[in-house]
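Worksheet: one structure, shown below.
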Amino acid sequence: MDIKNIHEQQVHDVTESTSQEHEIRVEKVKKMRAMGIEPWPEVKHATAVCQQVIDEFVDQSAEVQEYTVIGRVVAIRLHGKAAFVHVQDKGHKLQVYFQQDRIGIQAFDQLQHFVDIGDILWIKGHSFKTQRGEITLKADQFSMQSKCLHPLPEKFHGLSNVETRYRQRYLDLISNPESRAALQKRSLIVQTCREFLASHDYLEVETPMLHPIAGGAAAKPFVTHHNALGQDFYLRIAPELYLKRLVVGGFDRVFEINRNFRNEGISPRHNPEFTMLECYTAHENIAYAMNFVEQLIKAMAARVCESKILKFGEHEVDLSKPFAKISMKHAVQQVHNLTDEQMTDEVISSLLKKHHIELPKSNMTINEKIYLLFEETVESKLIQPTFIIDFPIEVSPLAKRHAYDNTLAARAELFIVGIEFANLFNELNDPFDQADRFYQQMEAHKAGDQEAHQYDADFILALEHALPPTVGFGIGIDRLIMLLTGCTSIKDIILFPTLKKK
Numbered sequence: 039m040d041i042k043n044i045h046e047q048q049v050h051d052v053t054e055s056t057s058q059e060h061e062i063r064v065e066k067v068k069k070m071r072a073m074g075i076e077p078w079p080e081v082k083h084a085t086a087v088c089q090q091v092i093d094e095f096v097d098q099s100a101e102v103q104e105y106t107v108i109g110r111v112v113a114i115r116l117h118g119k120a121a122f123v124h125v126q127d128k129g130h131k132l133q134v135y136f137q138q139d140r141i142g143i144q145a146f147d148q149l150q151h152f153v154d155i156g157d158i159l160w161i162k163g164h165s166f167k168t169q170r171g172e173i174t175l176k177a178d179q180f181s182m183q184s185k186c187l188h189p190l191p192e193k194f195h196g197l198s199n200v201e202t203r204y205r206q207r208y209l210d211l212i213s214n215p216e217s218r219a220a221l222q223k224r225s226l227i228v229q230t231c232r233e234f235l236a237s238h239d240y241l242e243v244e245t246p247m248l249h250p251i252a253g254g255a256a257a258k259p260f261v262t263h264h265n266a267l268g269q270d271f272y273l274r275i276a277p278e279l280y281l282k283r284l285v286v287g288g289f290d291r292v293f294e295i296n297r298n299f300r301n302e303g304i305s306p307r308h309n310p311e312f313t314m315l316e317c318y319t320a321h322e323n324i325a326y327a328m329n330f331v332e333q334l335i336k337a338m339a340a341r342v343c344e345s346k347i348l349k350f351g352e353h354e355v356d357l358s359k360p361f362a363k364i365s366m367k368h369a370v371q372q373v374h375n376l377t378d379e380q381m382t383d384e385v386i387s388s389l390l391k392k393h394h395i396e397l398p399k400s401n402m403t404i405n406e407k408i409y410l411l412f413e414e415t416v417e418s419k420l421i422q423p424t425f426i427i428d429f430p431i432e433v434s435p436l437a438k439r440h441a442y443d444n445t446l447a448a449r450a451e452l453f454i455v456g457i458e459f460a461n462l463f464n465e466l467n468d469p470f471d472q473a474d475r476f477y478q479q480m481e482a483h484k485a486g487d488q489e490a491h492q493y494d495a496d497f498i499l500a501l502e503h504a505l506p507p508t509v510g511f512g513i514g515i516d517r518l519i520m521l522l523t524g525c526t527s528i529k530d531i532i533l534f535p536t537l538k539k540k
């Protein structure tokens, strides 16, 4: 029997066993109700959590303290007229000791015959320490709070299949403390981000998820239809154009943390819906934004990381040093050992051919070719935090031109462990230049570029009412959480990642 057949047989055996256990537990529910025991009763309240019982224990000679706890059963050991049961809440476990003489014959019989791993129990008792030194709750009373009809994975054994972990995240959270810790850190990281921005006088806002025009980034959108209005809308690929309208309206410092949607591939770094921070600051520039992003990331890392040296896969990232800054042209020169004189169309084209990189269109400029070579051969080598600056204007349709070189955008991207984490640029506030770039993008779209930006006349109208000099940046929150938790797959830090329907 080959490996595939062995795996399929194992899946079949587990499924069949699970089905039988489900039937057994359903029969228990029928018997419980026949005896007047409700498997899913009204709520009861606890006076403590499991870890509190352990933390507050002093010694056996101290005054006995009474607790009520509510926890999920994760282990049961029966010993004649006694039982040891481990319950879990908020990721912490507590041992509970049941004695038939203490809780009564009827209650102990119910414990033996009706309580299974996965059930949620309400328990009242007193803390003590066993001979083995384990702080334990000696039960005086217990009752069912919620009956579980399916067996839980035994010590995570049943969740070795990562797809099952993502499809049944609740089992992952019950069984895997590492997953629970990473997803709790996610909440703390986002909270820290909000606090940091609020402390610098930024206003949090919410902008539309349904856009009449797909804009704000170069990406393929999801399309939906509004029946009442009789028109198509796009799930937003970025909130940028709406946030800049708010800056025009006088909100000089605004940010939004919310979902974006891009109809693209799924990978360890990409999910079709993802969380993005976008932030805009009037009367500041790209230098301010790079410094601000660095301080923001370091503040979030300080909140959840034990060290400034982060482990990510095979890499170690040092957040204690200032983030590096290098132009895209010089980054390409360093990796390919090129001089200024060698940065010609002929040399760059030959390097693209050497690395088997196909040109997406035939009339690419030298700057576009440098950008393509950078994407395919340089990005992956940027391990320590590095701002790549001076992007070609052709690939930056919403960014302002450099004051000293109109072929370049006043733009930067932050790379760490070969992954892009942030995009920053001085916002284009010249309505004539923006209209011309929208037109160029529209022509590219007609030529087959499905990610090209559409012409947005309403946004041009907003710019004509004077957008002040403004810098903006976007940070991929999911990727940043990956870095700060050491998770190398984006699915591990999204509660419910996008999966193909079974």
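The numbering of the sequence shown is my numbering, which starts it at 39 and goes up by one. Virtual Cβ for every residue (Gly too), placed ideally from N, Cα, C. Only a predicted model underlies this, so the values are computations on that prediction, with no experimental measurement involved.
Residue from the options with nearest C-alpha to residue i
i, options, result
"residue 426", "366, 374, 403, 530", "366"
"residue 82", "98, 107, 152", "107"
"residue 278", "317, 59, 331, 241", "317"
"residue 158", "79, 144, 300", "79"
"residue 152", "59, 214, 97", "59"
"residue 507", "103, 446, 439, 347", "439"
"residue 229", "483, 341, 150", "341"
"residue 361", "328, 519, 391", "328"
"residue 32", "213, 281, 445", "Only positions 39 to 540 of the chain appear in the structure, and residue 32 is not among them; the question remains open."
"residue 504", "472, 530, 532, 486", "472"
"residue 437", "520, 254, 523", "254"
Cβ-Cβ distance between residue i and residue j below 7 Å
i, j, result
"residue 338", "residue 231", "yes"
"residue 451", "residue 461", "yes"
"residue 130", "residue 112", "no"
"residue 274", "residue 249", "yes"
"residue 187", "residue 71", "no"
"residue 415", "residue 394", "no"
"residue 246", "residue 301", "no"
"residue 528", "residue 307", "yes"
"residue 535", "residue 204", "yes"
"residue 164", "residue 242", "no"
"residue 110", "residue 126", "yes"
"residue 456", "residue 413", "no"
"residue 191", "residue 213", "yes"
"residue 319", "residue 291", "yes"
"residue 531", "residue 520", "yes"
"residue 136", "residue 86", "no"
"residue 522", "residue 343", "yes"
Alpha-carbon spacing of residue i relative to residue j, whole angstroms
i, j, result
"residue 171", "residue 345", "33 Å"
"residue 119", "residue 162", "19 Å"
"residue 540", "residue 160", "36 Å"
"residue 66", "residue 227", "43 Å"
"residue 354", "residue 155", "40 Å"
"residue 256", "residue 432", "12 Å"
"residue 502", "residue 368", "36 Å"
"residue 309", "residue 495", "30 Å"
"residue 267", "residue 299", "22 Å"
"residue 333", "residue 272", "34 Å"
"residue 525", "residue 350", "7 Å"
"residue 49", "residue 364", "Per-residue confidence for residue 49 stands at a pLDDT of 45, beneath the threshold of 50, marking its modelled position as unreliable; the derived number appears in the next sentence. Distance between the alpha carbons of residue 49 and residue 364: 52 Å."
"residue 76", "residue 84", "19 Å"
"residue 202", "residue 304", "17 Å"
"residue 424", "residue 238", "24 Å"
"residue 550", "residue 146", "Not covered by the structure: residue 550. The range shown for the chain is 39 to 540."
Burial state of residue i, where buried means 16 or more other Cβ atoms lie within 10 Å
i, result
"residue 454", "buried"
"residue 428", "buried"
"residue 405", "buried"
"residue 208", "exposed"
"residue 386", "buried"
"residue 169", "exposed"
"residue 262", "exposed"
"residue 477", "exposed"
"residue 297", "exposed"
"residue 269", "exposed"
"residue 115", "exposed"
"residue 538", "exposed"
Close Cβ partners of residue i (< 8 Å) along its chain, the five nearest in sequence each way excluded
i, result
"residue 46", "Any reading at residue 46 is ruled out, since the residue's pLDDT is 46, under 50, leaving its predicted position unreliable."
"residue 402", "410"
"residue 408", "366, 367, 370, 381, 386, 430"
"residue 326", "319, 509"
Close Cβ partners of residue i (< 6 Å) along its chain, the five nearest in sequence each way excluded
i, result
"residue 515", "313, 315"
"residue 181", "160"
"residue 295", "315"
"residue 27", "Here the chain comprises residues numbered 39 to 540, so residue 27 is not present and cannot be evaluated."
Close-in-space but distant-in-sequence residues of the same chain around residue i (CB under 7 Å, 5 per side omitted)
i, result
"residue 469", "498, 501, 502"
"residue 388", "none"
Neighbour flag for residue i against chain D, beta carbons, 7 Å
i, result
"residue 71", "Considering every chain present, this structure includes no chain D. It has just one protein chain."
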